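Structure record follows, encoded as structure tokens.
Number of protein chains: 2
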Amino acid sequence: MTTVQQSELRNWHEVPFTRVKMTDMFWRPRLEILKKVTLPACLAKCEETGRIDNFAKAGGLLEGEFEGIYFNDSDVYKVLEGVAYSLMLERDAALEGEADRIIELIAAAQEPDGYLTTYYTLVAPESKWSDMEKHEMYNGGHLIEAAVAYYEATGKRQLLDVACRLADHYDRTFGPGKRHWVEGHEEIELALIKLYRATGEDRYWRLAYWLMEERGHGHGVGAIWEKPEWGPAYCQDDVPVREIEQVTGHAVRAMYLYSGMADAVHVSGDTAYLGALQRVWSHTVERNMYVTGGIGPSHHNEGFTEDFDLPNESAYCETCAAIAMVFWNHRMNLLFGDGKYADVVEREMYNGALAGISLKGDRFFYVNPLASKGDHHRVPWFDTSCCPTNLARFLPSIGQYVYARTAAGIAVNQYIQGEAELTLENGTAVQLKQRTSFPWSGTVELEVSPETSGVFTVQMRVPGWCRSYRVQAGGEWVSGVEALEERGYLSIERHWSKGDTVLLELDMPVERIRAREEVQANVGRIALQRGPVVYCIEQADHPGLSYDEMTLSAYGKLRVEHREDLLGGVTALQGTDGNGKPYRFVPYYAWDNREPGFMQVWIREKEEERLYKY
Amino acid sequence: MTTVQQSELRNWHEVPFTRVKMTDMFWRPRLEILKKVTLPACLAKCEETGRIDNFAKAGGLLEGEFEGIYFNDSDVYKVLEGVAYSLMLERDAALEGEADRIIELIAAAQEPDGYLTTYYTLVAPESKWSDMEKHEMYNGGHLIEAAVAYYEATGKRQLLDVACRLADHYDRTFGPGKRHWVEGHEEIELALIKLYRATGEDRYWRLAYWLMEERGHGHGVGAIWEKPEWGPAYCQDDVPVREIEQVTGHAVRAMYLYSGMADAVHVSGDTAYLGALQRVWSHTVERNMYVTGGIGPSHHNEGFTEDFDLPNESAYCETCAAIAMVFWNHRMNLLFGDGKYADVVEREMYNGALAGISLKGDRFFYVNPLASKGDHHRVPWFDTSCCPTNLARFLPSIGQYVYARTAAGIAVNQYIQGEAELTLENGTAVQLKQRTSFPWSGTVELEVSPETSGVFTVQMRVPGWCRSYRVQAGGEWVSGVEALEERGYLSIERHWSKGDTVLLELDMPVERIRAREEVQANVGRIALQRGPVVYCIEQADHPGLSYDEMTLSAYGKLRVEHREDLLGGVTALQGTDGNGKPYRFVPYYAWDNREPGFMQVWIREKEEERLYKY
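Spelled out as structure tokens, the structure:
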């Protein structure tokens, strides 16, 4: 088993998205749409579907029966979390007023002992904690995340108090010498650690740690055991977490667990989980991830099957799982200071996660196949609507992935135009200005302005897709020891004065990607990627073409064309197929935003003999 | 056998280098050095070694015996040709005076019937035309090329008259119903066609055509047959030229022949040679060319052996052969309007041919291996000094490879910053301004200024190494039918007005190249190329490293760094080898310009498992 030493840890610190002002043309318009369209639409759907009324009913403020599914409370919390992040970016009285109204209902629904899950209160109060699959703590976790966010956004304590009462109720009920519990859908773990960070109360992270340690010892209970084909691996209850070797079961649950485990290392200083985290990361990313970053190929368990089982048309690839990969990989990136984790964050940001939402911000994918004959389309809402509400909280907080504070200075993890401010370990305040048209261009100019001049290190991530690059600092080529490249970052250690710039030019040609040969679905196929953006072909651009008819030579030349009038502004790829017919590729994330038709990422390769093989 | 139709021909017209003013930082400084160092050095060597005196002696102006080798006259002619080209770029009274002095001696050496080869005049006047291997017409061909050039440069007819008298002598002596002749070293064929173009006298190209047709019918005579291991294939006398299937024998001779054959198609309109040219081109380029553009692996015959026999350390790759590849491929490019030929021109320009000369312009390689343990160095001169003198005429005329006039407009074949003027088929004068830092950057801005606005087509070559690119014309993305890509060129047909620009951005990442698996020497090895420039590793940058010790991962990241202070200004590549040690690659053409040590192009690959294969 891998032993990971304390010395391998970097323990970078997050730079919160509130310190990062994004002024770019890719994400900033999406944040506007999120605020104007997505959040109001999600709130309206929560209202229409009785999700909000459930709280009023549980609190005795409204007559009626519980509506929907037992985990529906979580959707309301997740939208509230998104509202909070949006308010942090820009206060909005109307949005805040609506949130306050909902929070009143939530507070009313909390039972006197702190318990809160409207399904059990309204439907089966006597059956609480009898079934790990009923998402009681999953609901609780999302409440906690929303509460911490809303408190940070507004300074209002009401929801935070509800969350603490709930967490205290858990802490009184479960733990060493108290009741056992394994939650079927992880989420509570990372939420409790967030609550610890917000309140400084150690007992919250200790409870999170205990809950993780409970797994794999036969403490799981309830109806899930009646589905033997799932088994305990479905909800990561098959082995003690520190012994995890392989990713198993439900994809979102697994990713939330690993996120909690990474958090636990960070808060506890205990490296016991590191070996498991590294093993399961390799197993997930190297054998069970699609080129889009999608994970979990199977509809059956919303999760993993066999290694390299990555079918395209039937790919499940839940949007939530892609978002959860961001959560986990961001934490791993901070823990280890290794760009290979930020690579995954980036892959999800521009592909697997972003595909989940329409360009207009009002329709969503739950399932993200890599090929479709034309019958798969986004819809405004789902009975199980975890994906829209996950996007509602993921998108506004995207600024947090851009920078980190390191022991020696600053790390730039993602390239998004904007401004940021942070304080170095030594107390020096630094202003950063990033100019780039990423992801459409690989040129990034970073202006570094420390309050007082001094020596520190700026680490620029060299993405995994980038195979050659140029870099200058202060107008000089960076070379030698001051430009060590380690763990996917170029480290520039120098004396920085106000206005000094780093100019990083990442070569961003179109790459023809071949899957590992173990992936049966992609044998003889290639995909196109430019920078972090994976491309697909859509029928909308090829009216005469049939599904899977096209062939592509790996050696054909591609014309790269930025079109502001296409799909909200995309860089498209144009070339000639194996039969000499012109074609166009568009970013995968933007598919199904025009007339219905087929879509394909992996295209059959037309074999061609070449003088040299590249 | 391939049948090539008349309709496949494009018959582009060359834009002479006199119409192309190069203002770039790569070639222009080399032209300065050529004029200041290389030409004077070559003239001095011709003087020192008795090459010039041989003319004075043959003309009865000086006492003494013939010095050197029978083909030494040709070196004087080739330097004179280089002087002429240099004078076309910039008049220089001293250089011209020296040329005039030498020309007087050459004229004096010509025999009354027009015969001119000082070896035979001085050594064996009775043995003329008894041995095809004695380079009589090879000398004559170079005289003709020099004469045409000098006449075009200065308007002075003396040398041209000598050349015409010589050609007339050939024409009187050889031809249908006269004597048979197969010249052992081709050169006369393309020279006679040049003389036809300069004088308008049909008999010159007809004689060239007849000389080519003589081959392969058993008409060769002389000592060469006493070297049975060479045989007639050595000098392309084994089959009639129109039946050529494969490249054989001495590399320079073969390339000069094919150049003459391409010229013959152009002047005669007869397509009989096209099939042979296309076949032998594929055979040469796809099976018998090094990544540097070098051809002819063997010292034994200065030429070709078996397909895919491309050893690195023992590679012969004569500089002249690389230059001759330019001559041939330039002609093929004009004939077929196909960028695959211009790709070879470019490959030679930036690699195989350019390596032949030191950065200071005063030392030369005859032999260009792709790996050296440290004992191979340029020298100031050779007994057989064809290579220095070929560089002396190749370099100043490099501007001719940049543009061509097409039926529909203009083709841009090479990217070199500068200005040019040409006249379209319809009579419109067009000024071109090209701005680029090629070969270090793939961004090219071409300003197209026709005297009067109108519709025509500008074809921009998309080099073979370039796999994705962006292009705008008049500030707009070019797409659809006006941007057809055919035969390696992007055609932009539009209405052009003064000052309209094309902005072409060729993605120029570092490519890791693998040879075809048939090349035994390179199995398990990779080479690095960026744009047209092939890289090598030199001991000068790695004092602690042993020859062939280094390993390289195909997936390692490379830092691209332009260094004006290194090797005359180069873009170097820096990275980490398979063992984590830093390394630097420098352009192959620039090797052996620092302290002696090993050099390698093909590096052993360190195998590494990757998530995705590129």
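Protein chains in written order, with full-length UniProt numbering: chain F, 1 to 614; chain R, 1 to 614. No residue lacks a Cβ here, since even glycine has one placed at the ideal position from N, Cα and C. None of the values given here were measured: they were computed from a predicted structure.
Check: Straight-line CA distance for Lys613/R to Ala515/R?; Outcome: A caution first: Lys613/R carries a pLDDT of 48, below 50, which makes its placement in the model unreliable, though a value can still be read off. Taking the straight line joining both Cα atoms gives about 17 Å.
Check: Taking C-beta to C-beta, are Gly294/R and Cys317/R nearer than 8 Å?; Outcome: yes
Check: Okay, do the region 405-422 of chain R and the region 93-100 of chain R touch, 3+ Cβ pairs below 8 Å being the bar?; Outcome: no
Check: Do you know whose CA, among Asn288/F, His495/F, Gly222/F and Gln539/F, lies nearest His180/F's CA?; Outcome: Gly222/F
Check: Can you find a CB in chain F that lies within less than 8 Å of the CB of Pro532/R?; Outcome: no
Check: Along the chain, where does the alpha helix (DSSP H) containing Met261/R start, and where does it finish?; Outcome: Ala251 to Ser268
Check: Do the region 561-574 of chain F and the region 601-609 of chain F make contact, defined as three or more Cβ pairs closer than 8 Å?; Outcome: no
Check: Alpha carbons only, please: which of Ile357/F, Arg405/F and Ser372/F is nearest the one belonging to Arg393/F?; Outcome: Ile357/F
Check: Since residue 653/F and Asp592/F are thought to touch, with beta carbons under 8 Å apart, how far apart are those beta carbons, to the nearest angstrom?; Outcome: A query on residue 653/F cannot be resolved here, the shown segment of chain F reaching from 1 to 614 and no further.
Check: In three-state DSSP terms, what is Gly184/F?; Outcome: coil
Check: Threshold first: 4 residues or longer. Then list the alpha helix (DSSP H) segments lying entirely within the region 57-97 of chain R, N to C.; Outcome: 72-89
Check: Could you tell me which residues DSSP pairs with Thr457/R in its beta bridges?; Outcome: Gly409/R and Glu493/R
Check: Less than 8 Å between the beta carbons of Arg279/R and Glu245/R, yes or no?; Outcome: yes
Check: Under 9 Å between beta-carbons, which chain R residues line up against Arg563/F? List them in chain order, please.; Outcome: Trp477 and Ser479
Check: Quick test of the definition: if touching needs 3 or more C-beta pairs under 8 Å, does the region 428-436 of chain R touch the region 467-480 of chain R?; Outcome: no
Check: State yes or no: is the C-beta of Leu159/R nearer than 7 Å to some heavy atom of the ligand GTP?; Outcome: No copy of the ligand GTP occurs in the structure displayed, which carries no ligand at all.
Check: Going by other Cβ atoms of all chains shown within 10 Å of its Cβ, with 16 needed for buried, is Met1/R buried or exposed?; Outcome: Interpretation of Met1/R is limited by its pLDDT of 47, a score under 50 that renders its predicted location unreliable; no figure is taken from the coordinates.
Check: Just the chain R side, please: which residues come within less than 7 Å of Gln574/F by C-beta, in chain order?; Outcome: Ser479
Check: Provide the residue span of the alpha helix (DSSP H) that contains Thr284/F, from first to last.; Outcome: Leu274 to Arg287
Check: Report, in whole angstroms, the separation of the C-beta atoms of Phe456/F and Arg10/F, which I expect to be a contact under 8 Å.; Outcome: No, Phe456/F and Arg10/F are not in contact; Cβ-Cβ is about 15 Å, not under 8 Å.
Check: How far does the beta strand (DSSP E) with Pro582/R in it extend, from its first residue to its last?; Outcome: Pro582 to Pro587
Check: Examine chain R for any beta-carbon lying closer than 8 Å to the beta-carbon of Asp507/F, and answer yes or no.; Outcome: yes
Check: Counting only beta-carbon separations shorter than 8 Å, does Leu558/R have a partner in chain F?; Outcome: yes
Check: Please specify which runs of the beta strand (DSSP E), each continuous and at least 3 residues long, are wholly inside the region 382-442 of chain R, giving them in chain order.; Outcome: 403-405, 409-412, 418-423 and 429-436
Check: Under a three-way DSSP split, which group does Phe598/F fall into?; Outcome: coil
Check: Does DSSP put Cys536/F in a helix, a strand or coil?; Outcome: strand
Check: Taking the alpha helix (DSSP H) that Arg33/R falls in, what are its first and last residues?; Outcome: Note on identity: in this sequence residue 33/R is Ile, with Arg being the wrong assignment. Residues Trp27 to Ile33.
Check: Could you name the residues of chain F that Arg594/R contacts, counting a contact when the two beta carbons are closer than 9 Å?; Outcome: Result: empty, since nearest Cβ-Cβ is about 17 Å, beyond 9 Å.
Check: DSSP on Arg10/F, reduced to helix/strand/coil?; Outcome: coil
Check: What residue range is occupied by the uninterrupted alpha helix (DSSP H) comprising Gln110/F?; Outcome: It is not in any alpha helix (DSSP H) - Gln110/F carries neither H nor E in the DSSP assignment.
Check: Could you please give me the residues that DSSP links to Leu211/R through a beta bridge?; Outcome: According to DSSP, Leu211/R bridges with nothing at all.
Check: So, at 7 Å on beta carbons, what are the nonlocal neighbours of Asp168/F in its own chain, with the 5 sequence-adjacent residues on each side left out?; Outcome: Gly114
Check: Just checking, does the region 498-511 of chain F make contact with the region 491-511 of chain R on the three C-beta pairs under 8 Å criterion?; Outcome: yes
Check: Assign Ala315/R to buried or exposed, taking buried as 16 or more other Cβ atoms, counted over all protein chains shown, within 10 Å of its Cβ.; Outcome: buried
Check: If you reduce the DSSP assignment to three classes, tell me which class Ile526/R lands in.; Outcome: strand
Check: Could you tell me whether the Cβ of Arg405/F comes closer than 8 Å to any Cβ of chain R?; Outcome: no
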